[in-house]
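In this text, residue positions in the sequence shown follow numbering that gives the first Met the number 0: the first is 0, and each later residue adds one. For every residue, glycine included, the Cβ atom is placed at its ideal position computed from N, Cα and C. To start, the structure itself, in structure tokens.
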Amino acid sequence: MSIFDAVDFADHEEICHFFDRSSGLRAIIAIHDTRLGPAVGGCRMWNYASEDEALTDALRLSRGMTYKAAMADLPLGGGKSVIRGDAATMKSPALFRAFGRAVETLKGRYYTGEDVGTTPADMALAGRETRFVLGRDEAGSSGDPSPFTADGVLMAIEAAVAHGLGASDLRGLRVAVQGLGNVGMALAERLFARGAELIVADLDERRVASATARLKAGSVTVGEIAGVECDVFAPCALGAVVDDGSLPRFRCAIIAGSANNQLHREEHGDRLHERGILFAPDFVANAGGLVNIAQEVLSPRYDRERTVAHLPVIRRRLRQIFERSAATGSPTHRIALAMAREIVEGQRAAA
Numbered sequence: 000m001s002i003f004d005a006v007d008f009a010d011h012e013e014i015c016h017f018f019d020r021s022s023g024l025r026a027i028i029a030i031h032d033t034r035l036g037p038a039v040g041g042c043r044m045w046n047y048a049s050e051d052e053a054l055t056d057a058l059r060l061s062r063g064m065t066y067k068a069a070m071a072d073l074p075l076g077g078g079k080s081v082i083r084g085d086a087a088t089m090k091s092p093a094l095f096r097a098f099g100r101a102v103e104t105l106k107g108r109y110y111t112g113e114d115v116g117t118t119p120a121d122m123a124l125a126g127r128e129t130r131f132v133l134g135r136d137e138a139g140s141s142g143d144p145s146p147f148t149a150d151g152v153l154m155a156i157e158a159a160v161a162h163g164l165g166a167s168d169l170r171g172l173r174v175a176v177q178g179l180g181n182v183g184m185a186l187a188e189r190l191f192a193r194g195a196e197l198i199v200a201d202l203d204e205r206r207v208a209s210a211t212a213r214l215k216a217g218s219v220t221v222g223e224i225a226g227v228e229c230d231v232f233a234p235c236a237l238g239a240v241v242d243d244g245s246l247p248r249f250r251c252a253i254i255a256g257s258a259n260n261q262l263h264r265e266e267h268g269d270r271l272h273e274r275g276i277l278f279a280p281d282f283v284a285n286a287g288g289l290v291n292i293a294q295e296v297l298s299p300r301y302d303r304e305r306t307v308a309h310l311p312v313i314r315r316r317l318r319q320i321f322e323r324s325a326a327t328g329s330p331t332h333r334i335a336l337a338m339a340r341e342i343v344e345g346q347r348a349a350a
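This is the structure we're talking about:
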């Protein structure tokens, strides 16, 4: 596949492929847009079936980071890196140090951090070779972004519930959480603390057992969760959860979660709108982790309080999106994309 012919190319500025023979590293770094600032985006390690699949993921995720930064009022661009390989069996210090050297060749045009399949410890190894690594597990770093991502998604759910259901809080509402990783579990804990009734699903039975015991959650299989009758469906695993197969099964009023690229295609968002399901665009709802990690780029010293003060931008943006959608009849994801593109083009929309 020609990169320029790829459906998801979307005018990327730079796409770099890296191979290191001694460690076995096979990586792609995609930089989508740096007009607002240097590109920021995590490093995903996944056992992709093909080079094309890895490239498509990198392109879609990096573009999403551009829009995420824009809608969060951050002077940053979008990028993403992917490493081909099984995170359970193929990790090594040599591999992540080789990845760090790859990042260093970009000389600050791209900052990386943890993502699916990687950890702060992995990023610390990469950081031995480059200073352009964020969220390391060490003093002075922003650390694990998951709690802040969960805080932002909670704000998104609250904004959606207020707009779509007219509810002032989450007490008694039924929320189906798909995926109990770092963000999904943190979100479930926050929802439980606010009185929501939980239904959860995850491939890891230990995580499900923890949620059912601690959070009084009901549970279903990962294949059943999209069809659960609920007020809010919160996808917190991998993307493309809204597709031809899942659309007819949804029995929810709202979709708002932490997963990236939740719409398999943009027209799936149109179909959600036609069904009357309120969608909180993922690149707005899940920006909390980026807001946190961005403080390392934007300030000489990380300060948690700056993150806390900035996070309400998520709630403000979503209110604006929902109001515009209601006024124009346009689906929320198309409103959000148009707003993000305006910002990147220099026509800033006030939050």
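- CA-CA distance, residue 46 to residue 54, rounds to 13 Å.
- Apart from the 5 residues on each side of it in sequence, residue 267 sits with its Cβ closer than 7 Å to the Cβ of 241, 242 and 246 in its chain, given in chain order.
- Rounded to the nearest whole angstrom, the C-alpha separation of residue 275 and residue 26 is 40 Å.
- DSSP lists no bridge partner for residue 170.
- With respect to residue 281, residue 261 sits close: the two C-beta atoms are nearer than 8 Å.
- A Cβ-Cβ separation of about 13 Å leaves residue 257 out of contact with residue 291 under the 8 Å criterion.
- Sequence-distant Cβ neighbours of residue 193 in its own chain, meaning closer than 6 Å and more than five residues away, are 169.
- With a minimum length of 3 residues, the unbroken runs of beta strand (DSSP E) contained wholly in the region 8–94 fall at 13–19, 24–32, 42–45 and 76–83.
- Within its own chain, the residues whose Cβ lies closer than 8 Å to the Cβ of residue 76, once the five positions on either side in sequence are excluded, are 30, 31, 32, 33, 34, 35, 36, 37, 38, 39, 64, 65 and 68, listed in chain order.
- One Cα belongs to residue 145, the other to residue 270, and the distance between them is close to 30 Å.
- For residue 232, the enclosing beta strand (DSSP E) stretches over residues 231–234.
- Exclusion of the five residues before and after residue 123 leaves 135, 136 and 137 as the residues of its chain whose Cβ lies within less than 7 Å of its Cβ.
- When the alpha-carbon of residue 307 is set against those of 190, 200, 228 and 289, the nearest one is in 289.
- By the criterion of a C-beta distance shorter than 8 Å, residue 189 is surrounded in its chain by 149, 150 and 153, once the five residues flanking it on both sides are discounted.
- Each residue's CA atom was taken as its position, placing residue 82 and residue 62 some 18 Å apart.
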